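Just below is one structure, and these are the notes that go with it.
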Amino acid sequence: MSSRSPLDSVFSPVQRDAHVPSTPLSSSSIPVPTSGLSSSYLGKRGASTAGPDSASHKRALSSVTALQSQLLAAERREAEANDRTEDMRVEMERLKSERRVLHDGETLERETGEAREREWANERLRLSTQLRELRSQNSTLSDSLQKMQSDHAQLAGQHASLTQHSSAELSLLASRIREIENERDALRGWERRAKGLSIELEEERRRAAEGRQREAESAEDRRAEDALRKEFRRQGQQFTGYQSRIAQLEAENSELRSKRKEAEGADRARQNVEWTLKEEIKTLQAQLERSRRDMDSLTQSFPATPTSDDHATLQSRLAAMSALHAEATNELASKDAEIRGLQSRLSEQSASALALSRELSQRNNELEREVRWSKEGRASAERREKLLQKELDATREAGPSMPGGASFGDQSARVKQLEGLVETYRAELGEIQRDSREVEDRLTKKAGLVPQSALDEAQGEISKLKAGEWSPHPNIDIEALDSTIAQLTSANTTLDAEVNDLMRRVASGEYNPATERCIELRSNPASKVHAVRTKQLEDLRTENDALLQRLKSVDKTPVSPGAEGAGLVPRESFERLSREKEDLERAHAKRLLRLKEIFGMKSKEFLEAVYSLLGWRIKFDESGADIRLTSMYAPKGKMGLTLKFASQEGHFGTMQMTGAMAKGLEEARHFWITERQSVPGFLAQVTTEMFEKTTIGRAAGYVGLE
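In the working numbering, each residue's number is its place in the sequence shown (first place is 1) plus 145.
Right under this line is the structure:
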């Protein structure tokens, strides 16, 4: 019997190489005394030696018998040892074949794991590259969005200034048109007066012609009359041109009004485009933010050794991320195309507004030029009227023509007077021509169309607009506008509060049916809650009626002194309590399931934390009595190390070491477990040795942790 320590009985290794050496005993190796025996140990004695056996002979016989029994037992043990040796040899062959298979499987699994890790690294690198590209695209889009917003703000300011300038120009043109209309009326009055004077002049000429029929007209008189006739004809043509010009100005006035309407329509279209751009920008920002969150959630880190479920989850997430990436790419392309279309539309609107502004400025200049020409024409018409009036007065002073051949006064004086009038008329025509040339010179030099003060003020406003230092018109009351804006803002805030209050009342059902009506769908939360409450009320009414009936029946039934209650309850109460019990049981099962899930998640987190901090992965069996520890620095499978702790009751249990690395830890187990009785110290030493071996082996080219 071999003596074993108490700790050897408590901690016994599973796999040990226990070989019992056995030496077979042969008959030749047994010392047997030969005295008193002639032939064999068991042979019959002769007659000469007959008699009682001696004590030595008896001892020899007993020793021979004992040796023979030992020999037989040794032979049996030898046969059993040979059988065990054969079994162990067969087992060793089987284990070697299994080891080769496991080694091949491990090599294949290692290669597969390395290939998967490389694929995962490549996929992760590709996804990281795609993520960087998406982030760069996002930053580019953000920059372009900011640039578009700044451009939009600048265009809005330019459009506002152009709108204000156009409105000012339109008001100025309207006032100029009114002035031109007034001048047109005045010119028509002058035209009527000139026509009356021309009729009177023709009458006077007819009378003078009747008086001068009997005398010879001199060449000077004929030249004077021809010059007067040409001048009257030219004045008639000028009046006709003035009338056509007035009609043209009226047509241009109507055209400017239509242009103004088109400008207002373009302004409204720009506002619509601006609103659409803002909505599209908000939608694009929301989609970019959602894509960024999806990419951040899908590109989270995963464990280094994923399981099959994690691999499937990773594949599904990668597929979802690819789909989201494709969708985001398509959406970005479509939004980019929409933004470019809106930018082109905005540029077209700005170009049309600028063209309209330039056209309005050109029309304004032309109208100012026409007004100037009209004023010059009116002045020349007044001067011509004065000349005609002087000629008419002179003709009247000469005396009326006498019929019957009566002569007028001194014809020489008359000729001199007419010559003086012709010279005066020629001088006036020269002055008119000089004024026309001066007007043309001023027009070519861009001056003289408007007052100098108005021109200086307009140039100052233009320079302020270009410098971005525009200030409101001095005629506008800023304080009144600010007060109006404040009042409108307060009114808008009040209306928003009232709308929110009404929405809250409508959502909660607090409204007056007499003055308000709430329209909603049949299937809504309020109707569902109302249906549940109605059903509960009906159930309670039914149960109450049943209880009342039961009370009436109990009251009608006579009660004997020694009788007890039957203990019956209505069926409605029983069904209600049964439903409540089932609901409570379902809620309890749901809570237990939720607690189990939470406990499982927390346990998994705790075990992962222990594995990360201490380097040992802990696994419990279903009963919880056995615990398996696996080091993170040991290879997996039978080539590694697994510690199994089992305990029945109290503080005593067993520890088993399995794996190829368990053979080199017997001394440490004996030192820490048997002598020191410290499991943490044994685990610490094992962790240190595994770390040293695996790191040194990895440095030497050993890769066996996968």
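Virtual Cβ for every residue (Gly too), placed ideally from N, Cα, C.
On a predicted model such as this, the values are computed, not experimentally measured, just so you know.
Three-state secondary structure assigned by DSSP to residue i
{"i": "Asp766", "result": "coil"}
{"i": "Thr569", "result": "helix"}
{"i": "Leu666", "result": "coil"}
{"i": "Lys789", "result": "strand"}
{"i": "Gln213", "result": "helix"}
{"i": "Arg821", "result": "coil"}
{"i": "Ala313", "result": "helix"}
{"i": "Ala659", "result": "coil"}
{"i": "Glu400", "result": "helix"}
{"i": "Lys808", "result": "helix"}
{"i": "Ala779", "result": "coil"}
{"i": "Arg263", "result": "helix"}
{"i": "Ser199", "result": "coil"}
{"i": "Arg337", "result": "helix"}
{"i": "Arg357", "result": "coil"}
First and last residue of the uninterrupted alpha helix (DSSP H) at residue i
{"i": "Ser672", "result": "Pro670 to Lys701"}
{"i": "Ile743", "result": "Arg716 to Leu759"}
{"i": "Ala813", "result": "Glu811 to Arg814"}
Nearest-angstrom beta carbon gap, residue j and residue i [assumed within contact, 8 Å]
{"i": "Leu487", "j": "Leu429", "result": "Not confirmed; about 11 Å, so no contact."}
{"i": "Ile325", "j": "Leu394", "result": "6 Å"}
{"i": "Ile743", "j": "Leu752", "result": "The pair is not a contact, with the Cβ atoms about 15 Å apart (cut-off 8 Å)."}
{"i": "Arg351", "j": "Ile391", "result": "The pair is not a contact, with the Cβ atoms about 32 Å apart (cut-off 8 Å)."}
{"i": "His304", "j": "Arg415", "result": "6 Å"}
{"i": "Lys747", "j": "Arg773", "result": "Incorrect: roughly 20 Å between the Cβ atoms, too far for contact."}
{"i": "Ser497", "j": "Ala411", "result": "6 Å"}
{"i": "Leu315", "j": "Arg413", "result": "Going by Cβ atoms, the distance from Leu315 to Arg413 rounds to 17 Å, so no, they are not a contact pair."}
{"i": "Leu692", "j": "Pro715", "result": "6 Å"}
{"i": "Leu828", "j": "Trp761", "result": "7 Å"}
Cut-off 7 Å between Cβ atoms - residues of its own chain near residue i, not counting five sequence neighbours on either side
{"i": "Arg244", "result": "none"}
{"i": "Ala734", "result": "none"}
{"i": "Asp646", "result": "none"}
{"i": "Leu247", "result": "Gly782 and Lys783"}
{"i": "Gln632", "result": "none"}
{"i": "Gly745", "result": "none"}
{"i": "Gln830", "result": "Ala813 and Trp817"}
Close Cβ partners of residue i (< 8 Å) along its chain, the five nearest in sequence each way excluded
{"i": "Glu483", "result": "Glu425"}
{"i": "Arg221", "result": "none"}
{"i": "Val235", "result": "none"}
{"i": "Asp684", "result": "Glu717 and Arg721"}
Neighbourhood of residue i by C-beta, 6 Å cutoff - its chain only, sequence neighbours within 5 removed
{"i": "Thr452", "result": "The predicted model places Thr452 with a pLDDT of 49, which falls under 50 and marks its position as unreliable; any figure quoted below should be read in that light. Excluding sequence neighbours, Thr452 sits near nothing in its chain."}
{"i": "Ala468", "result": "none"}
{"i": "Ala572", "result": "none"}
{"i": "His826", "result": "Per the sequence presented here, residue 826 reads as Gly, with His not at that position. Here the set comprises Trp817."}
{"i": "Ser792", "result": "Gly798"}
{"i": "Lys108", "result": "Limits of the chain in this structure are 146 at one end and 851 at the other, which puts residue 108 out of reach."}
Boundaries of the beta strand (DSSP E) in which residue i is found, first to last residue
{"i": "Arg773", "result": "Asp771 to Ser776"}
{"i": "Gly798", "result": "Gly798 to Thr803"}
Practice task
Flag this pair as touching only if the segment 781-788 and the segment 811-822 have three or more C-beta atom pairs under 8 Å; answer yes or no.
Solution key: A contact between stretches requires three or more CB pairs, one per stretch, nearer than 8 Å, and the segment 781-788 fails this requirement with the segment 811-822.
Handout entry: Contact between the segment 826-834 and the segment 773-782 (3+ Cβ pairs under 8 Å)
Key = The segment 826-834, when compared against the segment 773-782, does touch it at the 8 Å Cβ threshold.
Handout entry: Any 3 or more C-beta pairs closer than 8 Å across the segment 406-421 and the segment 294-304
Key = Per the Cβ contact rule, the segment 406-421 is in contact with the segment 294-304 (3 or more Cβ pairs under 8 Å).
Practice task
Inspect the CB distances between the segment 717-726 and the segment 682-699 and report whether three or more fall short of 8 Å.
Solution key: Contact holds: three or more Cβ-Cβ distances are below 8 Å.
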